[in-house]
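Here the structure comes first, spelled out in structure tokens, and everything after it is commentary.
In our numbering, the protein residues as written are 348 to 689.
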């Protein structure tokens with residue numbers, strides 16, 4: 348049996364998928380199997396993929412389960428030692444997978460590893476979705492080595508020698524140890540899309556695992572193919588899922604001071620949206636808060652499940668976070684790179 352299951356959640360878009368599968372086939376790696384999770388495609392692209400690449404296996408979801416649901420279906424339908432979650436709008440450099448597997452083999456405490464992810468449209472620029480590794484401030488705002496909010500850096504090798512440990516591995520392209528996923532739980536399907544991989548990596552940290560960046564492995568990502576910037580649903584999910592992530596993963600003692608601070612930051616965001624006349628953003632912030640209030644029972648059950656698996660206290664996890672607000676540093680302090688925060 349192959350050691351690696353490469354799981355590609357997919358809903359429509361043959362041209363992107365074909366390029367993804369083509370670069371996989373020419374990567375030089377052989378010890379993997381490809382599973383295409385069809386999230387209710389209507390353009391016949393899964394059948395075309397199977398015709399052209401008969402070695403792949405198509406897993407039919409029957410409907411759009413979202414990124415989290417599609418990935419979970421792929422994970423539970425396979426049994427390989429390692430799981431790669433790969434977006435269908437990615438293209439990989441030769442040797443990318445072997446480099447990731449070698450990193451995982453070298454240290455059983457590593458639960459997830461991310462390649463360097465560059466922008467497919469401009470290959471010398473870090474990609475928005477993961478850059479050279481995902482980071483998080485203590486208030487739940489994510490950023491990356493190579494990307495701070497909307498500010499993208501050129502890749503000059505500036506993060507290649509950085510310490511390997513990161514907080515989260517991008518859902519665009521990352522490898523996971525199956526046994527670690529069994530310990531921490533799979534992706535939270537209520538996230539649907541956006542930040543589900545950050546939530547997962549947080550839970551991996553709570554279980555005592557490491558998440559690392561592997562700059563010798565390179566993947567290119569188109570970015571923004573699911574929901575464009577400025578889309579109401581994208582803004583809503585980003586705000587809502589960030590709040591949900593905090594409420595699930597922090598201990599009660601940490602939430603006593605983190606939660607009021609985060610609500611203050613949400614209020615500042617709302618004020619900025621209203622002052623600039625960005626009513627779509629303002630509605631997204633309010634809708635996210637309303638969802639949290641309406642689903643407090645669901646959130647309580649999620650908290651209980653996460654806290655029951657915990658093996659590491661918040662102090663240990665927070666050492667892997669940025670202790671200052673990335674949002675304030677960016678919008679008020681003029682910071683534009685991850686290196687300026689650390």
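Note that CB positions come from ideal geometry on N, CA and C, so glycine has one too.
For this session: Compute the Euclidean distance between the alpha carbons of residue 444 and residue 614, then round it to the nearest angstrom.
Result: Residue numbering aside, residue 444 sits at position 97 when the chain shown is read from its first letter. Residue numbering aside, residue 614 sits at position 267 when the chain shown is read from its first letter. About 43 Å.
Exercise. Excluding sequence positions up to five away, which residues of its chain have a Cβ less than 8 Å from the Cβ of residue 561?
Worked result: Counting from one through the chain shown, the residue named residue 561 turns up at place 214. Correct list, in chain order: 446, 447, 450, 460, 461, 462, 463, 511.
Problem set entry | Proximity of residue 420 and residue 381 at Cβ, strictly below 8 Å | On the chain shown, position 73 is the one that residue 420 refers to. On the chain shown, position 34 is the one that residue 381 refers to. No, these two residues do not count as a Cβ contact at 8 Å.
Exercise. Does the segment 585-601 come close enough to the segment 632-644 to have 3 or more Cβ pairs within less than 8 Å?
Worked result: yes
Exercise. Is the Cβ-Cβ distance between residue 682 and residue 676 less than 8 Å?
Worked result: Here residue 682 corresponds to residue number 335 of the chain shown, with the count starting at 1. Here residue 676 corresponds to residue number 329 of the chain shown, with the count starting at 1. Contact: yes.
For this session: Count the CB pairs spanning the segment 543-560 and the segment 519-535 that are closer than 8 Å, and state whether there are at least three.
Result: The answer is yes - the segment 519-535 touches the segment 543-560, with three or more Cβ pairs under 8 Å.
Exercise. What is the residue span of the alpha helix (DSSP H) that residue 398 lies within?
Worked result: For the purposes of this step, residue 398 is taken as residue 51 along the chain shown, with counting starting at 1. Run containing residue 398: 392-399, per the alpha helix (DSSP H) assignment.
Exercise. For residue 471, is the classification buried or exposed, using 16 other Cβ atoms within 10 angstroms of its Cβ as the cut-off for buried?
Worked result: Your numbering for residue 471 matches position 124 in the chain shown. Its Cβ having fewer than 16 others within 10 Å, residue 471 is exposed.
For this session: Classify residue 534 as helix, strand or coil using the three-state DSSP reduction.
Result: Sequence index remark: in the chain shown, residue 534 carries index 187 (1-based). Reduced to three states, the DSSP call for residue 534 is coil.
Exercise. Is the CB of residue 455 under 8 Å away from at least one CB in chain C?
Worked result: Annotation note: the requested chain C is absent from the structure, which comprises a single protein chain.
For this session: Under 8 Å Cβ to Cβ from residue 409, same chain only, skipping five residues before and after it: list those, please.
Result: As a working note, residue 409 is residue 62 in the chain shown. If we look at residue 409 and ignore the five residues flanking it on each side, its Cβ neighbours are 387.
Problem set entry | Beta-bridge pairing of residue 406 - partner residues as DSSP gives them | Residue 406 sits at position 59 when you count from the first residue of the chain shown. According to DSSP, which records beta bridges pairwise, residue 406 is partnered with 384.
Exercise. For residue 664, which option in 624, 680, 513, 518 has the closest C-alpha, if you only look at C-alpha atoms?
Worked result: Along the chain shown, read from residue 1 onward, the residue named residue 664 stands at position 317. When only C-alpha atoms are compared, the closest one is 513.
For this session: Apply the 10 Å Cβ neighbour rule to residue 687 and answer buried if 16 or more other Cβ atoms are within range, or exposed otherwise.
Result: Against the chain shown, residue 687 aligns to sequence position 340. The residue is exposed, with fewer than 16 neighbouring Cβ atoms inside 10 Å.
Problem set entry | CA nearest to the CA of residue 437, picked from 417, 357, 606 | As a position in the chain shown, residue 437 is number 90, starting the count at 1. For the residues 417, 357, 606, the minimum Cα distance to residue 437 belongs to 357.
Exercise. Got a sec: does the ligand ZN put a non-hydrogen atom nearer than 7 Å to the Cβ of residue 437?
Worked result: No copy of the ligand ZN appears in this structure; indeed no ligand is present at all.
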